[in-house]
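Quick notes on the structure that follows.
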Amino acid sequence: MGIRTDFPRNVREIEHTWIPLADGTRLAARIWLPEDAEDDPVPAILEYLPYRKNDGTVVRDAQRQPYVAGFGYATVRVDIRGTGESDGILEDEYLPQEQEDALEVIAWLAEQAWCTGAVGMWGISWGGFNALQIAARRPPALGAIVTLCSTDDRYADDVHYRGGCVLALDMVHWASSMLAWNARPPDPRLFGDGWRETWLDRLGRTPPYVEPWLGHQRRDAYWKHGSVCEDFAAIECPVYAVGGFVDGYTNAVPRLLAGLSVPRKGLVGPWAHAFPDDALPGPSIGFLQECVRWFDHWLKGVENGVLDEPMLRVWMQESVEPRPTYEVRPGRWVGEPSWPAREIETRSWQLPGDGERTIRGVQSAGTQAGAWTAEGQSADLAPDQRPDDAVSLVFDLEPLAEPLEILGFPEVGLGLAADRPNALVAVRLCDVFPDGTSALVTRGLLNLTHRESHEEPTPLEPGRRYDVRVPLDFTAYSLPAGHRLRVAVSPTYWPWAWPSPEPVTLTVFLEASRLDLPVRPPRPEDEELPAFEDPEHSAPLDVESLAAGPEGRFLTRDLATGLVEQIFDWNLGGAQRFVAVDLVSEDTSRTVYSIVEGDPLSARVRFEAATSMSRGAWRTRAEVESTMTGDAESFHVTTALDVYEGEARVFARTWTFRFPRDLV
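First residue of the sequence shown? That's 0 in numbering that gives the first Met the number 0, and the numbers climb one at a time after it.
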């Protein structure tokens with residue numbers, strides 16, 4: 000990683016300022032801009048997040064915001080209503096209020112003396128989501144966006160549901176993580192008088208977000224709000240969409256390219272849920288240079304050839320030994336001038352065998368799944384799939400006579416029947432080496448009651464044959480000659496998919512089952528693609544590491560009871576001191592996913608988190624514990640929040656929810 004200190008414009012920082020809204024609410028902002036911007040105005044670039052500019056994203060902001068500002072921009076980091084030092088309450092994600100506030104922020108930025116009146120947005124995850132959503136509101140000053148690790152469809156691709164299945168892996172984990180971080184107070188050094196009253200009011204009125212998430216188990220109006228796929232034409236500014244193959248949001252990149260009509264680009268690397276300039280697996284790229292080029296063209300009118308390059312650039316992953324982590328994922332960059340790509344053809348294979356095959360779901364199938372949204376942790380990725388293959392129906396094609404490269408959305412058609420009215424299917428596509436190693440290529444989930452519609456699911460008729468299509472996640476993968484393609488099918492995939500309420504036996508009818516692959520022939524022009532620049536950052540923040548936090552992925556199996564537990568310790572940085580402001584921040588998080596073989600109603604998620612901040616003798620701490628279980632009729636979630644100032648507990652509350660199961 001290169002550290003750059005010389006820039007075309009010298010940069011100054013406004014550590015904290017207020018952006019006033021019409022209703023009297025103040026949003027807290029941090030701004031980096033050229034020293035002479037009042038005399039020589041610049042475009043503004045907004046990042047709009049709930050993750051606390053002063054302690055949550057401060058490290059990554061120091062690496063990127065001044066860098067872009069040095070090329071003649073005012074980069075503006077705003078905490079959304081109810082987070083960080085901003086006033087108000089954050090009642091849920093992506094609400095209309097969040098968008099309305101952003102429209103006011105953009106108008107305020109455009110009116111500042113140091114701004115030319117042109118504004119861009121960029122953001123990753125939540126900030127990538129609302130960049131798309133706010134673009135669809137068409138604020139006049141918004142000239143272009145860069146959206147990373149986000150989605151156009153909140154129901155299809157987020158921490159709540161996949162294919163109509165409840166995502167056990169991240170649903171409670173994420174809701175409870177947000178509850179913990181929202182329990183941090185505004186920093187008294189910045190907020191001033193009234194910080195404690197604001198904090199206690201926020202504690203009393205901020206809900207755990209799981210209630211609306213599990214309260215809407217179909218793709219209804221709740222999820223359609225903020226899903227820009229409902230009306231791609233609403234977006235009228237240029238869009239650069241970025242994702243990574245081990246992130247959970249990558250499907251949105253090709254969908255955006257296909258659905259939008261504005262100037263657009265897409266970039267998909269081998270990365271996790273992180274910025275491409277330091278993401279794992281590598282290779283990293285000069286992503287900040289890419290952003291500067293994009294905004295230079297659209298906000299300054301610079302003719303720099305940014306649109307002369309392929310609409311979509313993708314890292315074609317090579318077939319390599321599966322491991323739970325890679326420093327670098329071997330492969331090469333390929334490009335497509337448009338998407339959908341004209342030169343990609345669909346090739347089909349019937350699944351081998353005659354008649355029908357049957358499997359009774361093994362509840363712990365999915366132990367080799369890895370994280371749904373990898374974030375560069377020590378064991379995020381899917382390892383050798385043979386343990387999961389052994390408890391699935393597997394269909395192996397003949398060894399490849401020549402290399403085969405896939406780019407796009409594979410799909411598996413299945414003729415199947417289930418012995419229960421409520422069932423799911425997990426389908427994995429694997430690369431089987433000559434020695435038997437099984438590497439995950441891509442996968443998909445489908446709640447079979449959603450086989451025709453996510454809006455209006457219907458029960459299965461036990462024993463009746465249905466023909467269903469299971470779309471698999473977007474991928475780019477190169478298989479060598481001599482390897483086999485394997486399709487693996489299971490009615491269970493824990494802890495990604497919450498299990499069906501009864502054990503399910505699934506029958507697959509082979510004459511009606513096939514694999515469809517988007518095959519891309521290698522092209523000479525791939526070798527002529529311009530190389531990305533090497534990664535660069537601005538000078539890092541001065542951070543003192545005080546204690547390492549726990550990190551790891553653990554799998555335990557009790558042979559006597561059949562209890563299987565997967566434990567995720569999330570590395571959140573441990574305890575660290577931000578030297579310039581003498582602020583100590585510490586986070587820990589652990590989630591345990593447990594299930595007993597043969598008993599889907601034993602599925603259980605247990606989450607624990609602690610977060611604290613301190614300066615001198617002042618210290619606050621928040622602790623969250625959450626549990627999710629299910630019986631035949633309902634899901635049950637209990638969340639407890641305890642908050643301390645020093646050693647005194649200043650807030651305690653427990654929420655208990657019951658959610659009727661709606662064909663899940």
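Note that beta-carbon positions come from the ideal geometry of N, C-alpha and C, so glycine has one too.
These figures come from a predicted structure and were not determined experimentally.
For N181, the enclosing alpha helix (DSSP H) covers residues M170 to N181.
Nearest C-alpha to S347 among L484, L600 and R80: L484. P433 and P490 have their C-alpha atoms spaced approximately 27 Å apart. Under the DSSP assignment, H15 falls in the beta strand (DSSP E) whose first and last residues are V10 to P19.
Fully contained in the stretch 377-458 are the following alpha helix (DSSP H) runs of length 4 or more, in chain order: 385-388. Contact between the stretch 518-534 and the stretch 446-465 is absent, with fewer than three C-beta pairs closer than 8 Å.
Ranking L444, P420, S452 and A538 by CA distance to the CA of T504 puts P420 first. Bounds of the beta strand (DSSP E) holding W569 are L562 to F577.
Annotated three-state conformation of Q288 is helix, per DSSP. For G243, the uninterrupted beta strand (DSSP E) segment begins and ends at V238 to G243.
Spatial neighbours of L20 in its own chain (CB-CB distance under 7 Å, excluding positions within 5 residues in sequence) are listed in chain order as L26, D100 and E103. Distance between I144 and D295, taken at the CA atoms: about 12 Å. In this structure I13 is exposed. Its beta-carbon is surrounded by fewer than 16 other beta-carbon atoms within 10 angstroms. At the C-beta level, T637 and A621 stay beyond 8 Å of one another. With respect to the 8 Å criterion, L399 and A475 are not classified as neighbours on the basis of their beta carbons. Leaving aside the five residues that flank N181 on each side, the residues in its chain whose CB is nearer than 8 Å to its CB run, in chain order, P49, G81, T82, L89, R201 and T205.
Sequence-distant Cβ neighbours of V301 in its own chain, meaning closer than 6 Å and more than five residues away, are D295. Contact between D383 and P321 holds: CB atoms are separated by about 5 Å, below the 8 Å threshold. As summarised for the stretch 471-547, the continuous beta strand (DSSP E) elements at least 3 residues long and confined to that stretch are 474-478, 483-489, 504-518 and 542-546, given in chain order.
In the same chain as P386, and ignoring 5 residues on each side of it, the C-beta atoms closer than 7 Å to its own belong to T366 and Q367, in chain order. The beta carbons of M612 and R183 sit about 6 Å from each other, so the pair counts as a contact at 8 Å. K223 and I30 have their alpha carbons spaced roughly 33 Å apart. Under the three-state reduction of DSSP, F650 is assigned to strand. When C-beta atoms of the stretch 369-380 are compared with those of the stretch 246-262, three or more pairs fall below 8 Å, so the two segments count as touching. In the structure shown, the three-state DSSP call for G597 is coil. DSSP lists G122 and A240 as the beta-bridge partner residues of T146. Around the beta-carbon of M0, fewer than 16 other beta-carbon atoms lie within 10 Å, marking it exposed.
When the five nearest sequence neighbours on each side are left out, the beta carbons in the same chain lying within less than 6 Å of the beta carbon of L279 are those of A271 and G375, in order along the chain. Under DSSP, the beta-bridge partners assigned to Q316 are G330 and Y476. Restricting attention to S85, W293 and G597, the CA atom closest to the CA of G193 is found in S85. T655 counts as exposed, since fewer than 16 other C-beta atoms from the protein chains shown sit within 10 angstroms of its C-beta. Between the stretch 129-140 and the stretch 541-558, the count of C-beta pairs closer than 8 Å stays below three; the two stretches do not touch. Counting C-beta atoms within 10 angstroms of its own C-beta, F606 has 16 or more neighbours from the protein chains shown and is therefore classed as buried. Leaving aside the five residues that flank E585 on each side, the residues in its chain whose CB is nearer than 6 Å to its CB run, in chain order, A574 and S611. When the beta-carbon positions are compared, E596 and T619 stay at least 8 Å from each other.
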